[in-house]
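S.K.: Before anything else, here's the structure in question.
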Amino acid sequence: MPPVEPLTRSGLMWLLVALVLAVVPHAVALPIWLSTLFFAMAGWRGFIAFRNRALPARWLLLAVAVLAGAGVLIDFRTLFGRDAGVALLVAMTACKLLETRGLRDGVVLVFLGYLLVMGNLLYSQEIPLVTYLFAVVLLMLAAQVMIHRQHAGLGALAPLRLTGKMALQAVPVMLILFVLFPRIPGPLWGLPQDAHKGRTGLSDEMMPGTVSTLSKSCLLYTS
2 MPPVEPLTRS GLMWLLVALV LAVVPHAVAL PIWLSTLFFA MAGWRGFIAF RNRALPARWL
62 LLAVAVLAGA GVLIDFRTLF GRDAGVALLV AMTACKLLET RGLRDGVVLV FLGYLLVMGN
122 LLYSQEIPLV TYLFAVVLLM LAAQVMIHRQ HAGLGALAPL RLTGKMALQA VPVMLILFVL
182 FPRIPGPLWG LPQDAHKGRT GLSDEMMPGT VSTLSKSCLL YTS
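Take any residue in the sequence shown, note its place counting from 1, add 1, and you have its number in my numbering.
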């Protein structure tokens, strides 16, 4: 079996910052204990990297993963759906941080980070949040560049410059997909939280996209 290429401290720091920023918007919807667990484990992983300490034993990580999964099940009464799924993703990402040793682990965390960013869009698509998440994606991409080129001797801001170039090169593709990709009416996923949107009538509060989810209801009209 070939030796595992270790993840450098600089690559890990870029990754930790990007992951923490991706989880910050989730903290509003997550249980307090889960948000605390994630940020504590991210801080612990950074402490291990700076102090050159040993990673925790596998049995401890397994125990934390089992307890976190049980906590999600108790809080949400399920492991499926939007809220429980996002909570479980955050818990498992926290556990993955404390077993990250090599380059492959770093790549796995990068893609978990992209999933965490997309999970925020299941709750809101407001412009301030989308702008924030765009910045997080750029940081995540910079972390990915740093991980794959960790022995190239890149400067402190070199990953951001490379990320900016790649993002600009992707803009034409994004615009083409935005124009040509077919619009799907209603929610893309049949989540339990979407079950109560399919009724006629307008509420006091309107959000872009909710009108497309309207459908006929058999309930009697009351003034």
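A virtual CB, placed ideally from N, CA and C, is assigned to each residue, including glycine. Quick caveat: nothing in here was measured; it's all calculated off a predicted structure.
Should W15 go down as buried or exposed, given a rule of 16 or more other Cβ atoms within 10 Å for buried?
M.R.: Label assigned to W15: buried.
S.K.: Taking only the alpha-carbon atoms, compute the straight-line gap between S36 and A28 and give it to the nearest angstrom.
M.R.: Approximately 6 Å, taken between the alpha carbons.
S.K.: In this structure, how does DSSP classify L20 when only helix, strand and coil are distinguished?
M.R.: Of the three classes helix, strand and coil, the one that applies to L20 here is helix, per DSSP.
S.K.: Identify, in the order they occur along the chain, each residue of the same chain with its Cβ nearer than 7 Å to the Cβ of L116, setting aside the five sequence neighbours on each side.
M.R.: Taken in chain order, the residues that qualify are L90.
S.K.: Over what stretch of residues does the alpha helix (DSSP H) that includes N121 continue unbroken?
M.R.: Segment 104–121, the alpha helix (DSSP H) holding N121.
S.K.: Look up P173 in the DSSP assignment and say whether it is helix, strand or coil.
M.R.: P173: helix per DSSP, three-state reduction.
S.K.: Taking DSSP as the reference, what is the three-state secondary structure of P32?
M.R.: Note: P32 maps to coil in three-state DSSP.
S.K.: Pull up the CB-CB distance for L142 and M167, whole angstroms please, since I reckon it's below 8 Å.
M.R.: Sure, about 7 Å apart at Cβ, within 8 Å.
S.K.: Identify, in the order they occur along the chain, each residue of the same chain with its Cβ nearer than 6 Å to the Cβ of M119, setting aside the five sequence neighbours on each side.
M.R.: Closer than 6 Å at the Cβ level, and outside the excluded window around M119, lies no residue.
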